[in-house]
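Asks: Protein chains in written order, with our numbering: chain A, 51 to 383; chain B, 3 to 329; chain C, 84 to 610; chain D, 9 to 375.
Once you've had a glance at the structure underneath, I'll fire off some questions.
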Amino acid sequence: ISTTTASAKGGCIKMLLEFKLQGLPVFEANLKGADQYAKTFNICKPTYGGPASASATGQVSDIQAAIAAHVKVIAMTSDDPQVPATALQSAMKAGIKVVTFDSDVPSARNFFIQDTAYNTIAAGVLKAAVKFAGSSSTIGIMSSTPDATIQLAWIGAMESYAKTNYPQLNGGNFGQIIGYGQSVTATSLTAAESMIHSNPTIKAIIPIDGAAVVGTAEAVSDLSDSGKIGVFGIGDPAPNATYYANGSMQGLFLWNEIGQGALIDCVSELAVENKIKAGTTFTCPGVNWKSLNAPGKWTVAKAASKTTGATKNTIIFSGPLEFTPSNYKQYNF
Amino acid sequence: MLVVVTLAIFGLTSAAQPHFALQGNISFLLASAMPLAVVAVGETVVMLVRGIDLSVAPVLGIAAVSTGFIAQDSHVSVLSMLPLALAIGIGLGFVNGLFVTYARIPPIIATLGTFTVYGGIEQLICNSRTVVTLPTSWINLGTHDFLPDVPYILVPGVLVTIAMALILWRTRWGRSIYAFGANAEAAFRAGIRVKAIEISAYTVCGMLAGLAGLIYVVQVGSAGYNTGSEISIQLQAIACGLIGGTTLTGGKGGVVGSFFAAIFLTVALEGVIVAGIAYQWQSAGVGVLLLVAILIDAYQNRQGRSVSEALRSVLGGHKPVQQEASS
Amino acid sequence: MSVIVKRARAAAALASDRTAEEYAPARYEARTITKSFGGANALTGASVTIEPGEIHTLVGENGAGKSTMLKVMAGIHPQDSGDLVLNGTHLRGLTPRTAIGHGIYLVPQEPSLMLTLSALENLFVGIIPRGSMAFSVDWKAMESSAGAYFQQVGLHIDPWAPASQLSIAEQQLLECARALAHRCNVIFFDEPTSPLTAREADVLFELMRRLRERNFTIAFISHRLEEVLAISDRITVLRDSRVVAHFDNPKQTSHRQLVEAMVGHEIAVRQRRQRDLSGAEAVLELKDLGAPDGAFADISFMARRGEVLGLAGLVGSGRTETAESVFGMRRASGTVLLAGKPYAHRSPSSSIESGLIYLPEDRGHNGVFANVEVVRNITAAFVPHLPKRGQLLHPRAEVEVAEKAARRTRVVAPSLDVPMKALSGGNQQRAMFARWLLAEPKVAIFDEPTRGVDVGAKVDIYGIIDTISDSGVAVVMISSELEELVLLCDRVLAIYEGRIVGEVTGDEITLERLGAMVVGGGASERD
Amino acid sequence: MSVVAETQHVVRRRRFDTDDRWMISLVVLLVAELLYFNFGISTFWGGGWGTSYSFLGYGESFLFTSMIALGVMFVIFTGDIDLSVGYMAAFAGIMMAEFHIGGMNIWIATVLSIALCAVIGLIQGLVITYFKLESLLVTLAGGFILNSAAVAWEGPVPPYGFPHSYDSALGSGDISGTIQIPNQLIVFAVLAVIATLVVHRTRFGRQLVLVGHNRQAAAYAGVRVSATRVKAFVLSATFSAVAGMCIAANYGTARDDLAPTLLLTAITCVVLGGVDIFGGGGRVPGVIIATFVMGWLAPGLLQDNVNDTWATLIAPGTLLLAALTIKGIVDRRQGVSFRAKTLARFGPGSPTSAHADAGDAPGTGAT
Ligand SMILES: Nc1ncnc2c1ncn2[C@@H]1O[C@H](COP(=O)(O)OP(=O)(O)OP(=O)(O)O)[C@@H](O)[C@H]1O
Ligand SMILES: Nc1ncnc2c1ncn2[C@@H]1O[C@H](COP(=O)(O)OP(=O)(O)OP(=O)(O)O)[C@@H](O)[C@H]1O
Ligand SMILES: [Mg+2]
Ligand SMILES: [Mg+2]
């Protein structure tokens, strides 16, 4: 209690860093980055939030507590594009800056840090899978639920990329083989198993959420199909070291989560000091992760773009990073 | 009877989707039913003493993440983690027993309380981490068969079920469990240590949930802050007990039925997926299955005989001996 | 972990190869026992000594503390103070388990068996014989030794049949067999006869006498004073949680002396009433009532205004089922006429609305709301007519209504605001009568209205029934105590195995006639 | 009345019974909690009494749970339980939203959805009473089915975008004055008053309680037991549906995963409020107080920088267990134990003696 008050007077910027839920490795990496760079951007050691179980209502309680605690900025990745909107709007009314990252709340934020351009990551992962399986093979997708916004966007981007570049995939209808694991490893495992059984010709699977990646890799090792069926997904490498090692994991794509944490700090500070607005370009001292265009340089989007998925006031963090069996050991998130 | 239905579902599904009966899949189905089967065996013991234990889910989770983290960090063998898993289960189950027996909180509420508290503990243990990079030996144990279609994972499940069935039938402790469930007051008057028996039932249930946690982490290869609760394994286990012929009113039923019910439930759920039913309706599928299970339970209670007996009498065309007596 | 526990273990271990006679004949003494439940005293400094080779009977009104005394002595309740002394040894921290180790067993007021388990297992529960391994169960040994125990108590049953298939009398005998199997030689019987017919009770008494000959130490509780006087060697009377009298020579004790000791004052002996009601109109008529499962069939009779019509029969003869079918608790075929009009879609609520009430026999389960205030117990059947103010209930007016009814039936309670369970059995039954009087019945069916009720309350209940019938209500009285049918009824129907087998009126109603009729014979057949 | 002489007895003024004492303890607990937060957290009162995001304003984060608690309370009073309430609330919200998006006036959609949920409650109640099934399991199954229906109906993009007036009326709006009173608090207060009066001051409420105390005896006393139980399920569904509307309005969207977590909290509130999980015993005001105890606990702790896991799981769970342990001890002093009640209600055969003393439970004697 007393520490919060003291630090408020100490001049650093009080920030709530709110995740979808505790314990997801990607967010842990974000947090690591944010903590590491807090000093650089004059952020008080981030107030770490996130509901104990994935629920948008839990996030709202956290936001309410933060408003009452008079934070200066809320950085959050939202469980739902709508639910926290009311709470965030009242936060903005109270003069608090809102920076969303990873998943957006379009109607109630100042800036949104988009992980990567949807088209580039979709193309990256699909290209790798096709290279392994062949351009007229059968490739499945493992997602969490049909209403996961970003995953839907990725799938859409993959579909349109496949339509123009690999018209022969899945007999011309890429995107028809989708399994859902509901963000539960055990369920993903079952779903992946049954996908493999129902599609005997399947050559590669693209899991695009954390539980699906583990579940799919486990299923592939389980059926002694390691190496026969390729797994190319979107996810972080460290949790899947075992599967890289036993040959059931061929490639994962993501962005640099630690760097994203640093960018969150940077944007938060700039937002609080009103130093950025739509259409401008900014730099972050000490942060040199490769952005989409140039290292250490980011642009605040002025208008929406269909291909990248960006909307107004969106900052795209970076292009995709590929983790292969030969380089996965270099990243520990 | 359950075996028949299970085989029927299996047969129908494989007729529609031939690959369903592939060798690997049978083995996979058996293996993925084991965590549930072991939990269900424990839950059955509690149901036999007229109890209910909702906290098995986080108990399983705690055991899974604790053993998983240790294995992940120090690459110990699965067997060396067994005592830890059991100890966790025993401890947490014992606490449940204390609340039910000494604090006299109704089981459903007491274990609802411990469900939340244990769930919190599971999260604290995870402390924002997830068990993922298990040693290869663990993954192999979870994924390999020692005979065609007989996965290693099946072994502990079968052993536990046989052992519990024998214990319940052939030991004084087992008979005391039934006596307590049939009529706690009479058991007390007959000189049975009712409190010890009731606590021991919850302890055994916890112990098996702990064991199931270890099996789970070996089989799935991963565990996290809400392992167990996320698939409502406690409810599935209760459903298994009911489908397997154990009643909620205590003193009746047994663990073998629950074991097969767990396999049945797993095959049925997998069948639902393979049959191409939209994932949205899977939870409705579980709901309907549960309704069927309780209707069976109600039927058994009212008729004083099990559905399988009834079916046998219908199919076999002769009246069961018990019929005139039980009307 | 006292000596006692160790001895109990040793005793339990020895159980399978020791006979009761190996115990020294037991003199069991309870000295100045005090026991209270949540502030209310159930026993105050009560002492009882039970000698070997005697049947020692405890009598007293409901709630006097008889059951509590035996429960304390059998380790079911711990006493607050006082000592339990068995052959000079003080028993401390007694539990049923250790009590059995000392050879003490209580056959409870109502048999409490594990209904889903076999008779065999019920017999041995708690002392299941060991098999080859220390913890295993030797089913063969159990099966082979069970027969002897069943024979000793005169039971002829399949040891593997579930206990739920046994009749109440058989369950009672199984409890006795359990006491023997547990090698107990101090056996307490808490009101064993109340659910039994006279014939079944005789079987039990025979067993008790045989045990007495084997020098067992036996305690007994009953409200049926005739049988008490017949079987007891010594009688201890409890009143208001204290021991108030001993009768060392029951053969020379009169019924009247005993009653006066129990209630503390004289009680007028009731005489049979003589009334001629043959001209009164019929308010309830049953035509060919039959149960779907055949528990009763072809039941036809009518009850007149102001008449007390008795239904005599053995336990399980189908009287309760008939009455419940009329009241609407069960489905039945046939016709019921109420005040001459057919009454087809029967349900308890519509019965009560049309002036037909039923006092259930199982007061504990079907009558009282144990944790609810007496007031609300009394008004429970009156809820649709409770006084209202605006749309809401008017609590004060409700209390007045209940009080008035309670006064009419002489409910004695510290306050009508206490929960029902704080009242003695007799007062609970008085409150039940108050409930049904509120409904202003035209036809009242009373099922075993005096079961488990002490003599004082019995007399009051007879008075209430007289009053009700005098006011023009047709009373149908179901009772297994033939004496009270003789005292109260203007007409009695006998039911045997679900069928009416006879009818007697006026002076024809005698104990002998009824006794013969209820077992299905010797009656003047109706046409 | 000539034969029977009249006996006089006094109806003494009500003593404090266990229920009263429990309610007093709850009030003390609530005051203690608020005092702790008051002195412990400088910002607990935020910008002053009742401004958004402090004290009364926190209501928005738990009042809908309180409404669900009130609903499920009816069912618990009858000795049943309703595990479908959370799913029901979510389903109601989605139904309303889909109707609205389909072009229906939002208020008509609201009323229609509440009515349809009442019908679903009716069906559940009928299934339970007609087939004589365990309500625990039927409503669990019902909840699963409702959940599926909700997920299927909402589709990939959960419905959102209600008129501002709606969001404000049932959601985050408040009546401004010196103290800002959230609209939801008013909705809750209305429901709370209705619930209190229905249970304690109407004929239906009386029958509800009697059914909970002893179903058999109630049937013999002419209470329409099944009808009463079914009505309780209808009330439960209706209250949940109203809560679902408030949730939707509050968050501006309706989703399947918002509500299920509410179930545990709601049941915790009811039990903590002193309602006997076996039916019959308890007071509605106790439940109302308990919802505030529970409601302020999590936001208060969160503000006190307590870890989310502690604030939302461990603390409430421990509170529930501790409270019930204490209540159990207090009750036992009175000679009524939960276990005895369990045996009285579920005991096989009829172990209770003719005078219905509930005290012969195993363990009462073993020390
Ligand atoms: N003690 C019992 N043992 C076995 N069956 C019983 C017993 N009591 C009742 N029944 C069953 O219920 C049927 C009718 O019982 P019911 O209780 O209606 O008889 P009753 O004449 O009212 O007896 P009671 O004197 O107990 O009131 C019997 O045919 C029998 O099948
Ligand atoms: N477990 C208990 N809890 C609370 N009160 C009890 C309990 N057991 C008995 N009592 C009360 O103690 C008193 C004595 O009860 P007890 O059962 O010994 O009476 P009894 O003489 O056996 O009566 P009855 O003839 O009705 O069986 C009664 O007032 C009873 O209500
Ligand atoms: Mg007694
Ligand atoms: Mg009867």
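Every residue gets a Cβ at the ideal spot worked out from N, C-alpha and C, and that includes glycine.
Reducing DSSP to helix, strand and coil, say where D:S176 ends up.
Replies: D:S176 falls in the helix class under three-state DSSP.
Asks: Pull up the DSSP beta-bridge partners for C:A113, would you.
Replies: Looking at the DSSP assignment, C:A113 forms a beta bridge with C:V131, C:L167.
Asks: Run the CB neighbour count on B:S57, radius 10 Å, all protein chains shown included, and call it buried at 16 or more, exposed below.
Replies: Buried, because 16 or more other Cβ atoms sit within 10 Å of the Cβ of B:S57.
Asks: State buried or exposed for C:R358, treating a residue as buried only when at least 16 other CB atoms are found within 10 Å of its CB.
Replies: Classification for C:R358: exposed.
Asks: Among C:R353, C:E253, C:L126, which has the Cα closest to the Cα of C:E566?
Replies: Closest by alpha carbon: C:R353.
Asks: For C:D590, which of helix, strand or coil comes out of DSSP?
Replies: The answer is helix: DSSP assigns C:D590 an H, G or I state.
Asks: Measure the CB-CB distance between B:T251 and B:R52 and report whether it falls below 8 Å.
Replies: Against a cut-off of 8 Å, the Cβ pair of B:R52 and B:T251 comes out as a contact.
Asks: Tell me whether C:T151 counts as near ligand 2, meaning its Cβ is closer than 7 Å to at least one heavy atom of that ligand.
Replies: C:T151: yes, Cβ under 7 Å from ligand 2.
Asks: Comparing alpha-carbon positions, which option in A:D152, A:K177, A:L138 lies nearest A:A198?
Replies: For the residues A:D152, A:K177, A:L138, the minimum Cα distance to A:A198 belongs to A:D152.
Asks: Please tell me whether B:E272 has its Cβ less than 8 Å away from any Cβ of chain C.
Replies: Chain C, which has no Cβ nearer than 8 Å to the Cβ of B:E272, makes this no.
Asks: For a contact meaning CB atoms closer than 7 Å, what does B:T118 contact in chain D?
Replies: Chain D residues near B:T118: L272, L321, P324, G325.
Asks: Tell me the start and end of each unbroken beta strand (DSSP E) in the region 497-561 of chain C that is at least 3 residues and wholly inside, in chain order.
Replies: The qualifying runs are 526-530, 557-561.
Asks: For the beta strand (DSSP E) that contains C:T172, what are its first and last residues?
Replies: That run of the beta strand (DSSP E) goes 172-174.
Asks: I believe D:A126 touches D:T317 by the beta-carbon criterion, under 8 Å. Please report the beta-carbon distance rounded to the nearest angstrom.
Replies: Their Cβ separation, rounded to whole angstroms, is 37 Å, which puts D:A126 and D:T317 out of contact at 8 Å.
Asks: Would you check if the distance between the CB atom of B:T229 and the CB atom of B:G63 is smaller than 8 Å?
Replies: It is a contact, given that the beta carbons lie within the stated cut-off.
Asks: Among C:M412, C:D543, C:S130, which has the Cα closest to the Cα of C:P532?
Replies: For C:P532, the nearest C-alpha among the options comes from C:D543.
Asks: Under 7 Å Cβ-Cβ, which residues of chain A neighbour B:E232?
Replies: The answer, in chain order, is V234.
Asks: Please report the distance separating the alpha-carbon of D:L193 from that of D:E68.
Replies: Going by the C-alpha atoms only, they are around 8 Å apart.
Asks: Taking buried to mean at least 16 other C-beta atoms within 10 Å of its own C-beta, is D:A123 buried or exposed?
Replies: Flag for D:A123 reads exposed.
Asks: With 8 Å as the threshold, decide whether the Cβ of C:L476 is near any Cβ in chain D.
Replies: It does; some Cβ of chain D falls within 8 Å.
Asks: Interface residues of chain A around B:G223 at Cβ under 7 Å?
Replies: Those within 7 Å of B:G223 in chain A are V264, E268.
Asks: Following a CB-centred definition, is C:F120 positioned closer than 7 Å to any heavy atom of ligand 2?
Replies: Result yes, Cβ under 7 Å from ligand 2.
Asks: What does the Cβ neighbour count give for A:A351, buried or exposed, with the cut at 16 atoms within 10 Å?
Replies: A:A351 is buried by the Cβ-count criterion.
Asks: Compute the minimum distance between the beta carbon of C:Q192 and the heavy atoms of ligand 2, and state whether it is under 7 Å.
Replies: Yes, the beta carbon of C:Q192 sits closer than 7 Å to at least one heavy atom of ligand 2.
Asks: Can you determine whether any heavy atom of ligand 2 sits closer than 7 Å to the C-beta of B:S76, and answer yes or no?
Replies: Flag unset: Cβ of B:S76 not near ligand 2.
Asks: Please state if the CB of C:I240 and the CB of C:A202 are separated by a distance shorter than 8 Å.
Replies: A contact, by the Cβ cut-off of 8 Å.
Asks: Which of the residues in the region 194-210 of chain C, read from start to end, lie with their CB under 9 Å from any CB of chain B?
Replies: Those would be P194, S195, L196, M197, L198, T199, L200, E204, N205, F207, V208, G209, I210, in chain order.
Asks: Could you check whether the Cβ of B:I179 sits closer than 8 Å to any Cβ belonging to chain C?
Replies: For B:I179, the answer is no, since every Cβ of chain C falls outside 8 Å of its Cβ.
Asks: Say yes only if the C-beta of C:A302 is nearer than 7 Å to one or more non-hydrogen atoms of ligand 2, and no if none qualify.
Replies: Result no, Cβ not under 7 Å from ligand 2.
Asks: Give the secondary structure of A:E68 by DSSP, where H, G and I count as helix, E and B as strand, and everything else as coil.
Replies: DSSP places A:E68 in strand when its eight states are reduced to three.
Asks: Is DSSP giving A:T170 helix, strand or coil here?
Replies: Helix at A:T170.
Asks: Quick check for students: name the residue ranges of the beta strand (DSSP E) that lie wholly in the region 111-155 of chain A, counting only runs of 3 or more.
Replies: Entirely contained in the region 111-155 of chain A, the beta strand (DSSP E) runs reaching 3 residues are, in chain order, 123-126, 147-151.
Asks: For C:N124, which of helix, strand or coil comes out of DSSP?
Replies: Strand, per DSSP.
Asks: Beta carbons nearer than 8 Å to chain B: which residues of the region 149-162 of chain D have them?
Replies: From the region 149-162 of chain D, only A149, G150, G151, F152, I153, N155, S156, A157, V159, A160 have a Cβ closer than 8 Å to chain B.
Asks: At 8 Å on the CB atoms, spell out the chain C contacts of B:R52, in chain order.
Replies: Going along chain C, no residue has its Cβ under 8 Å from B:R52, so there is no contact; the nearest lies around 11 Å.
Asks: What residue ranges within the region 354-411 of chain C form continuous alpha helix (DSSP H) runs of no fewer than 4 residues, ordered along the chain?
Replies: Here the runs fully enclosed are 402-410.
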